[in-house]
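Peer 1: Residue numbers (this note's numbering): 75 to 586.
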Amino acid sequence: MATRARWAGARVSAVLAVSAMLVGYGLGTAQAEVNPSLGYDAQTDKGSLYNIAGVVGALDAYRLGITGRGVGVALIDTGVTRVAGLNSGNVVNGPDLSFDSQDPATAHVDGYGHGTHLASIIAGRTAAGIPASYTDPARFAGIAPDANLVNVKVGSANGDVDVSQVIAGINWVVEHRKDEGLNIRVINLSYGTDSVQPSQVDPLAYAVEQAWRNGIVVVVAGGNEGDTTTNLANPASDPHVLAVGAMDSAGTVTTADDTVPSWSTDGTDARHVDVTAPGVSVLGLRSPGSTADTQNPGARVGTQFLRGSGTSQAAAVVSGEAALLLQAMPQLTPDQVKQILMGSATGLNNVSARLEGSGTTDLRKALRSVPRSVANPAPWGTGTGSLEASRGSFHIVVGDGTTEETTLLGEVDVFGRAWDAAKWAQDTEKGKTWKDGAWMGNTLTARGWTNTGEVRKSWPTATWTSAGAVLADGEWAGRMWRDGEWAGRMWRDSAWSGRMWRSGGFSSAGWF
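1) Taking a contact to mean a Cβ-Cβ separation below 9 Å, would you say residue 137 touches residue 209 in this structure?
2) Hey, could you find the ends of the beta strand (DSSP E) residue 170 is sitting in?
3) Would you identify the three-state DSSP class for residue 108, choosing helix, strand or coil?
4) Compute the Euclidean distance between the alpha carbons of residue 159 and residue 180, then round it to the nearest angstrom.
5) Let's test the definition: count the other Cβ atoms within 10 Å of the Cβ of residue 423 and tell me whether it reaches 16, buried, or not, exposed.
6) Find the nearest neighbour of residue 393 within the set 130, 300, 235, judged by alpha-carbon distance.
7) Tell me the rounded alpha-carbon separation between residue 467 and residue 269.
8) Taking the CB atoms as reference points, tell me whether residue 165 and residue 197 lie closer together than 9 Å.
9) Hey, how far is the Cα of residue 191 from the Cα of residue 433?
10) So, using beta-carbon positions, are residue 535 and residue 176 closer together than 9 Å?
11) Would you check if the distance between the CB atom of residue 398 and the CB atom of residue 359 is smaller than 9 Å?
12) Output the distance between the C-alpha atoms of residue 242 and residue 513, rounded to the nearest integer angstrom.
13) Which same chain residues end up closer than 7 Å to residue 254 when comparing Cβ atoms and leaving out the 5 residues on each side of it in sequence?
14) Around the Cβ of residue 299, are there at least 16 other Cβ atoms within 10 angstroms (buried) or fewer (exposed)?
15) Classify residue 98 as helix, strand or coil using the three-state DSSP reduction.
16) Which one or two residues does DSSP pair with residue 512 in a beta bridge?
17) Out of 117, 306, 445, point me to the one whose CA is closest to residue 271's CA.
18) Relative to the alpha-carbon of residue 353, which residue among 526, 107, 125, 109 has its alpha-carbon at the smallest distance?
19) Suppose contacts are defined by Cβ-Cβ distances below 9 Å. Is residue 284 in contact with residue 503 by that definition?
20) Rounded to the nearest angstrom, what separates residue 320 and residue 217 at their Cα positions?
21) What does the Cβ neighbour count give for residue 444, buried or exposed, with the cut at 16 atoms within 10 Å?
22) Using the Cα positions of residue 483 and residue 459, report the straight-line distance between them to the nearest angstrom.
23) Would you tell me roughly how many angstroms separate the C-alpha atoms of residue 322 and residue 219, rounded to the nearest one?
24) Please list the segments of the alpha helix (DSSP H) lying wholly inside the region 186-225, counting only runs of 4 or more residues, in order along the chain.
25) Cα separation between residue 465 and residue 127?
26) By how many angstroms is the C-alpha of residue 324 removed from the C-alpha of residue 116?
27) What residue does the beta strand (DSSP E) around residue 389 start on, and which one ends it?
28) Run through DSSP, which three-state label would residue 436 get?
29) Mapping the DSSP letters down to three states, classify residue 152 as helix, strand or coil.
30) How would you label residue 547, buried or exposed, when you count the other beta carbons within 10 angstroms and need 16 or more for buried?
31) Let me know the secondary structure DSSP gives residue 585 once reduced to three states.
32) Just how far apart, CA to CA, sit residue 481 and residue 469?
33) Rounded to a whole number of angstroms, what is the C-alpha to C-alpha distance between residue 505 and residue 497?
34) What does the alpha-carbon distance come out to for the pair residue 295 and residue 276?
35) How long is the line joining the alpha carbons of residue 326 and residue 430, rounded to whole angstroms?
36) What residues are listed by DSSP as bridge partners for residue 380?
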């Protein structure tokens, strides 16, 4: 039985009582009071983004007028639902390359619950305001609340995605990074496979490398495998990205009590995470009715929030930090952003470099850093390796419920078309994988931006074709992803509630 590729970064803790007071904000020993509009106390709950912004130094950036304004962050994930906190004008819909795109009711929105959670961490906000307003604990704000968040959906409502869809999403971001004044300078990719194919030839690794070479900082979750493997997920294992592990801040600004949770993936001396960031019990926005939301009601906090842990959440924090740094110093190259965040990080007590890299990011020091010329000496890849090997052990399964199911295997993309690695790598280097709405000859989207009312703009969907058959009007969902398949096969034995969204951790590659 094939295992499906999935997002690997979110785990939600159903119940977490936080009693420690936040240090360094003049709170003394005041009694915690729940803010009724939030459902938690932003100053004492270690998972609140106000608290996390204090830990990593984002509050200090706001006081300097730095909020991410003018910087675009592409979130390649499971979509973004426009709930309150993500509907104030700084989120736009890029292309929907997921299986959900064929139904207008599910296109762009997040039926899985992962992308919305991360979007809110990166650039959520109660409302647009002046920089100082984001230091108000009564208001909800992500790490870079004025950044442009570009929703590039590749994961479906059950989390399923093929690596070729992720690659297509990365290619689109690179080729459209300057569209409509978006100025995309950061990609958040809280996704990975368990592939062990060398990054020097791996197609997914090559895709992120080309983004990096085109001026985009690629922030990738390291994985939630703990010490069950010494390999970071692919493409976090590539040396030309910013790989992020999770840390537990204990709700304080001091690093003396910080730890790295046991589930944050271990690495090797040769390749481990570059930095860590808060990733435990993070309070992000819920996508009501999504898979994560409905299967984990105990993880809800108030009416808007869901508590989640993982290197996904940590990567989202760092993506927001990168946006702040790039607003302050827009001339920085991706290598300089990586060097500054690593060079200004604070090491934790009694934690190995394999778990924490250079330590936990600190914007207070990063914003005072003087940029210098820097280049990563690691060789660049070729992208001419195996697409099948890039999937690792995770595969999507085709079946209509009446005939024998077929696993997508081999050197073919999600449409069943032969994968020409050499041509794809050449077109990727030239920035020519997309033509209008077609990627490598596959029509996936319409050809440009449209105005869509309350959303500033959106990249429209188009009818997919596959092996000569039109997949429209829900046919994809009805034929490929039959009823009950998710609950019955992918997340059997309570794996979802017991491992992904609670303290037990998520132990398979995919969405972190």
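Every residue, glycine too, gets a C-beta built ideally from N, C-alpha and C.
Peer 2: A quick look at the data gives this:
1) yes
2) 165-170
3) coil
4) 20 Å
5) exposed
6) 130
7) Going by the C-alpha atoms only, they are around 7 Å apart.
8) yes
9) 24 Å
10) One thing to note: residue 535 has its Cβ within 9 Å of the Cβ of residue 176.
11) no
12) 7 Å
13) 523, 531
14) buried
15) For residue 98, the predicted model reports a pLDDT of 23, less than 50, meaning its position is unreliable and no value from the coordinates is stated.
16) 509, 517
17) 306
18) Of the candidates 526, 107, 125, 109, the one whose C-alpha sits nearest the C-alpha of residue 353 is 125.
19) Going by C-beta atoms, residue 284 is nearer than 9 Å to residue 503.
20) Here the alpha carbons of residue 217 and residue 320 stand approximately 16 Å from one another.
21) exposed
22) So the two alpha carbons sit approximately 15 Å from each other.
23) 23 Å
24) 188-197
25) Rounded to the nearest angstrom, the two C-alpha atoms are 35 Å apart.
26) The straight-line gap separating the alpha-carbon atoms of residue 116 and residue 324 is approximately 14 Å.
27) Residue 389 -> not in any beta strand (DSSP E); alpha helix (DSSP H) instead, spanning 385-402.
28) Correct three-state label for residue 436: coil.
29) coil
30) Low confidence applies to residue 547: its pLDDT is 33, below 50, so where it sits in the model is not reliable, and the reading given next is rough at best. By the neighbour-count definition (other C-beta atoms within 10 Å, threshold 16), residue 547 is an exposed residue.
31) strand
32) 7 Å
33) Here the alpha carbons of residue 497 and residue 505 stand approximately 12 Å from one another.
34) Straight-line Cα distance between these residues: approximately 18 Å.
35) 18 Å
36) 358, 374
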